[in-house]
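A short worksheet on the structure shown next.
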Amino acid sequence: MGAAEGSSAVVLPHTLTGEGPHRVIAVHGWFADRSAYAGMLPSLDGQRFRYAFPDLRGYGEARDVPGAHTTAEAAGDVLALADRLGWERFSLVGHSMGAAVAQRVLVAAPERVRRLVGVTPVPAGGVPMEGEQWELFAGAAERPENRRAIIDFTTGGRHPDTWLDNMVRVSLERSDPTAFRAWLDSWALEDFHEDVEGASLPVRLVVGGHDPALSAEVMRATWLRWYRAAELVELPSAGHYPVDETPLELVRAIEDFLRADDETDGADVEGGGRASR
1 MGAAEGSSAV VLPHTLTGEG PHRVIAVHGW FADRSAYAGM LPSLDGQRFR
51 YAFPDLRGYG EARDVPGAHT TAEAAGDVLA LADRLGWERF SLVGHSMGAA
101 VAQRVLVAAP ERVRRLVGVT PVPAGGVPME GEQWELFAGA AERPENRRAI
151 IDFTTGGRHP DTWLDNMVRV SLERSDPTAF RAWLDSWALE DFHEDVEGAS
201 LPVRLVVGGH DPALSAEVMR ATWLRWYRAA ELVELPSAGH YPVDETPLEL
251 VRAIEDFLRA DDETDGADVE GGGRASR
């Protein structure tokens, strides 16, 4: 299958973990490569699930892979990975920008997606920004101080300087600045919400109580309006990076929801946050 913009899909570098029958592809966000999910790995249920964590073009081991660096192109790459793995059906997890990629996969191959979890997820309508806010994000490709300011703001200004500095260092080491800047235009400016509006697959949105950018209110105005079977979970102690801030609560929120695909009694989110519709 081909990717968008006329480029060919590639099989992305990836990590596999778990031996379970429920296949899950987890897509990272704008600031880091697949190592962004490292904090979750020790707590994942490898008996129930088998996870694939790819690096998108411009990140990690795919840092030098050329491309348009768009969410549509990435969807083609994710499907190429699923084909290589022999996964006809799978669930998707997407953090931030990665949730836009996951939605593009759903648009391209709805019959292949079992469930979708968006973690502090970018909506299909993009993230409108103007003036100084846009300059802050657009300048983050070349300015570490911009990356730091964004991370600090989207986690509520609560975390130690050392943590912020490490997040910036990892982001710089594991992303190509040109690709990083191109990705912004795709996830922030593209609006494909009409392609997902009315989708009936089960969707869980996991947001952080300290994330002012992609908050519960934003989810109610976007995802919860467009997806007929979407639900919202708020992690009160997290900001935009719950994998780093509250990894155990995030694993619980993700896997309880995915397990419900195989269970008639479903699962709640006890200890993992507050669920609502």
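Going by UniProt numbering, the sequence shown opens with residue 1, and the numbers climb by one from there. We put the CB at the ideal spot given by N, CA and C, even for glycine.
With residue i and residue j assumed to form a contact (beta carbons below 8 angstroms), what rounded beta-carbon distance in angstroms separates them?
i           : j      : result
Glu61       : Pro121 : The pair is not a contact, with the Cβ atoms about 24 angstroms apart (cut-off 8 angstroms).
residue 289 : Gly46  : Because the chain is modelled from 1 through 277, residue 289 falls outside the range shown and cannot be assessed.
His240      : Asp211 : 4 angstroms
Val93       : Ala26  : 4 angstroms
Within its chain, find whatever has a CB closer than 6 angstroms to the CB of residue i; leave out the 5 residues flanking it on each side and keep chain order.
i           : result
Asp152      : Leu164
residue 284 : The structure shown has nothing for residue 284, since the chain only spans 1 to 277.
Asp265      : With a pLDDT of only 33 at Asp265, under 50, the local geometry of the prediction cannot be trusted, and the value read off the model is given with reservation. Taken in chain order, the list of residues that qualify is empty.
Val11       : Ala80, Leu81 and Arg84
Asp191      : Gly125 and Gly126
Ala199      : Tyr227
Ser237      : Thr246
Leu224      : Ala230
Ala108      : Ala75
Ala99       : Gly118, Pro121 and Val122
Per DSSP, which one or two residues make a beta bridge with residue i?
i      : result
His95  : Val119
Glu231 : Arg204
Arg50  : Arg23
Val251 : Note: Val251 sits in no beta bridge, so no partner.
Val113 : Phe90
Tyr59  : Ser175
Ala199 : Tyr227
First and last residue of the beta strand (DSSP E) that includes residue i?
i      : result
Thr17  : His14 to Thr17
Pro144 : Taken as a continuous stretch (DSSP letters only), Pro144 belongs to no beta strand (DSSP E), being part of the alpha helix (DSSP H) at Pro144 to Thr154.
His193 : Counting along the chain, His193 falls outside any beta strand (DSSP E), though it belongs to the alpha helix (DSSP H) covering His193 to Val196.
Val27  : His22 to Val27
Taking 6 angstroms as the cut-off, does the CB of residue i come closer than this to any heavy atom belonging to the ligand HEM?
i     : result
Ala82 : Summarising the ligand content, the structure contains no ligands, and the ligand HEM is consequently not present.
Which same chain residues end up closer than 8 angstroms to residue i when comparing Cβ atoms and leaving out the 5 residues on each side of it in sequence?
i      : result
Tyr59  : His28, Ala32, Asp33, Arg34, Arg174, Ser175, Asp176 and Ala179
Met129 : Phe137 and Ala188
Glu19  : Gly46, Gln47 and Arg50
Arg220 : Leu232
Gly139 : Asn146
Ser215 : Val207
Leu172 : Pro144 and Arg147
Output the boundary residues of the alpha helix (DSSP H) element that contains residue i.
i      : result
Pro242 : Pro242 to Glu245
His159 : It is not in any alpha helix (DSSP H) - His159 carries neither H nor E in the DSSP assignment.
Pro177 : Pro177 to Leu189
Phe137 : Gly131 to Ala138
Thr71  : Thr71 to Leu85
Met219 : Ala216 to Ala221
Touch test, the region 32 to 49 against the region 108 to 126, Cβ-Cβ under 8 angstroms, three pairs minimum: Short answer: they don't touch.
Touch test, the region 45 to 60 against the region 196 to 203, Cβ-Cβ under 8 angstroms, three pairs minimum: The region 45 to 60 is not in contact with the region 196 to 203.
Segment contact flag, the region 96 to 110 with the region 188 to 197, C-beta cutoff 8 angstroms, min 3 pairs: Touching, per the Cβ criterion.
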